[in-house]
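Protein sequences, first through last, are from chains E and H. Its first residue numbered 1, the first sequence is counted upward by one per residue in the UniProt record's numbering. Its first residue numbered 1, the second sequence is counted upward by one per residue in the UniProt record's numbering. Remarks on the structure that follows.
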Amino acid sequence: MFCEKAMELIRELQRSSEGQLPAFNEDGLRQVLQEMEALYEQNQTDVNEAKADGRADLIPSIKLRHCCLLRNQRCLTAYLYDRLLRIRALRWEYGSVLPANVRFHMCAEEVQWFSHYKKSLASFMRSLGGAEGLDITQDMKPPKSLYIQVRCLKDHGELEIDDGTVILLKKNSQHFLPRWKCEQLIRQGVLEHVMS
Amino acid sequence: MSDALSDDGSVNQDDSQEDVMTPAELIAKLEEAWLNEKFSPELQENKSEVVECVMEQLTHMEENLQRVKKGDAKASIHRMEIDRIRFVLSSYLRSRLQKIEKFFPHVLEKEKSRGEGDPSLLSPEEFAFAKEYYANTETYLKAVALKHMPPNLQTVDMLKAVPEPCLDSFVFLRVKEKQENILVEPETDDQREYVVDLEEGSQHLMRYRTIAPLVSTGAVQLI
C-alpha cells in the first residue's frame, strides 16, 4: 500500500506521550522519500505514454499516484512540523541548553532549527523594555508567595541569591528560598517545591 | 496596587503626546490587554506603549527597593507586587508569542495586507521574531524533506498548511460600554440571524467573530 510508511511516522508521534520527543526516524523518512521518487517516475513514464499514444486509460492511475504523492508530502511535513513544536516546547521547559538524552533524539537540522529559534527568542526578550530586557520564560505561574520551601533532588553546587548569601544545594537538603530564584531549577528537576 | 507604585507619580513624563496615566491606570490597562489576549483566539493589536511603560515602572520600583533597609516589612510587600506585575507582563507577552508561533503565516499575511494608516498588529520586535520563525521553519522543512521530493512537490503553501485561528470559538465577555444592534449570525441552518443589545456591565457568552471589533475598541472585555 502507498503512504503506509508516512502514516507509520505519524502514528509513531501520536503514540509517544504528550511532549515526548521520540528519536528522529531517518530510516522512515528515507523510505517515504524513496516511495515518492518511485511514484513520481512511474507517473512520468505514464504521462509520456498517455500523451504519445493518447491512452486515456492511464489517467486514473496517474491521478491516484499523484494523490499518494501529495499525501506523502503532507504526512512528512506534518511529522517534521510536529517535532519542531515539541522541540520548541522543550526550549520553554529546560531553558536554552537541552539535556543530552533529548539532543540525542534530534537530527542535525533540528539542532540547527533549535539554535536559530533560541537566538530569535533571546533577541526578542532582550529587545523588551529596558537595557536588560525581560526573561519571559520565567514567571510561568502566578506568584503565591515570595519565598517557597524547596528540597534538593540532586547535588547542584552553590547558588547565590540577590542579597549576596551563598547557599550550597546538596542532595536532600531543604531550603527556604526566593521563588524567582528557584523557578528554573525546579523545572530542570534540581529542586522540588515542597508543599506543606 | 497604586500605593506600591506611587513612588513615581507620573509614568508618562517623557511621553508628551499621551495623556498622563497614573500607575494604577497603567496596570489596569495591562491587565485588560492581558485578559483580552489570553482569551481571544486570534492575535490582538500590540500594546507596546503599555509594555514599555510597565517595564520602566518595574525598573523604577526595583531601584527604589535597593534603597530600602534590609528586613523592612514594606520591602517584601513591594517585592511581591513587583513579582505579580512581572508575571502579568510576562504572561501577556508569552501568550502573544505563542499565537505568533502558532499562526505565523497568517499573522505575517495579515501584517502584509494591512493598509498604510492602520495600526500594526505586531510590535517591531514581534515582527522580526515572526519573520525569523517563518524563515527558519521553511529552511528546515526544505533541507530535511522538501528538497528531496519530486520537483513539482518542493514547495508547501504555509498559509494552507498551518491552521488558522478559529474565530468561531465562543468567548466570555463583560460589556464596558453599552452596545446596540449587534448582529448575531445564525449557528445552524434553521436559525435566523438576530440583533441583540449589550447592556453595560452585563456578561455574555458569544462567538468571537461577532464581537471582535468591540474587543479591539475596548468596548467589551473578555473574561
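Glycine included, C-beta positions come from ideal geometry on N, C-alpha and C. Please read these numbers as outputs of a predicted model, since none were measured by experiment.
Query, Result
"Buried versus exposed, by CB contacts within 10 Å (16 or more), Glu125/H", "buried"
"Nearest neighbour of Ser173/E, chosen from Phe2/E, Ile186/E, Val150/E and Val97/E [CA to CA]", "Val150/E"
"Short CB-CB distance (under 9 Å) between His106/H and chain E", "no"
"Contact under 9 Å by Cβ, Arg174/H with Ser216/H", "no"
"Alpha-carbon spacing of Ala24/H relative to Leu30/H, whole angstroms", "10 Å"
"Extent of the continuous beta strand (DSSP E) to which Asn181/H belongs", "Gln179 to Val184"
"Of the listed residues Lys5/E, Glu12/E and Met36/E, nearest to Leu146/H (C-alpha basis)", "Met36/E"
"Closer than 8 Å at the beta carbon, the chain E residues around Glu101/H", "Arg88"
"Cβ pair Ile82/H, Glu52/H closer than 9 Å", "no"
"Gly157/E - DSSP class collapsed to helix/strand/coil", "strand"
"Presumed contact (8 Å Cβ cut-off) between His106/H and Leu26/H, rounded CB distance", "In fact, because the Cβ distance is near 31 Å, the residues do not count as touching under 8 Å."
"From Glu12/E, Asp27/E, Gln34/E and Gln14/E, residue whose alpha carbon lies closest to that of Phe2/E", "Gln34/E"
"For Gln73/E and Met149/H, believed in contact at Cβ under 8 Å, the rounded distance", "6 Å"
"Own chain partners of Ala78/E with C-beta closer than 6 Å, once the 5 adjacent residues on each side are dropped", "none"
"Residues near Glu109/H by beta carbon distance below 7 Å, same chain, minus five either side", "Leu159"
"Cβ pair Leu98/E, Arg91/E closer than 9 Å", "yes"
"Neighbour flag for Val39/H against chain E, beta carbons, 9 Å", "For the sequence presented, residue 39/H should be read as Phe rather than Val. Phe39/H does not count as touching chain E."
"4 or more residues per run - each alpha helix (DSSP H) lying fully within the segment 43-126 of chain E", "59-94, 100-103 and 108-126"
"From Met125/E, Tyr147/E and Thr45/E, residue whose alpha carbon lies closest to that of Gln138/E", "Met125/E"
"Contact belief for Leu167/H with Arg209/H at Cβ below 8 Å, rounded distance in angstroms", "4 Å"
"Residues that Gln149/E bridges to, as DSSP identifies them", "Phe176/E"
"Meets three-Cβ-pair contact criterion under 8 Å: the segment 109-123 of chain E and the segment 138-147 of chain E", "no"
"Gly133/E versus Glu56/H, Ser95/H and Ile77/H, residue with shortest Cα-Cα distance", "Glu56/H"
"Proximity of Gln179/H and Asp197/H at Cβ, strictly below 9 Å", "yes"
"Own chain, CB closer than 7 Å to Ser123/H, minus 5 neighbours either side, in chain order", "Asn46 and Ser48"
"Cβ-Cβ distance between Cys68/E and Leu29/E below 9 Å", "no"
"Residue range of the unbroken beta strand (DSSP E) whose run includes Glu192/E", "Leu191 to His193"
"Residues that Phe87/H contacts on chain E, provided the C-beta gap is smaller than 7 Å", "Asp139, Pro142 and Pro143"
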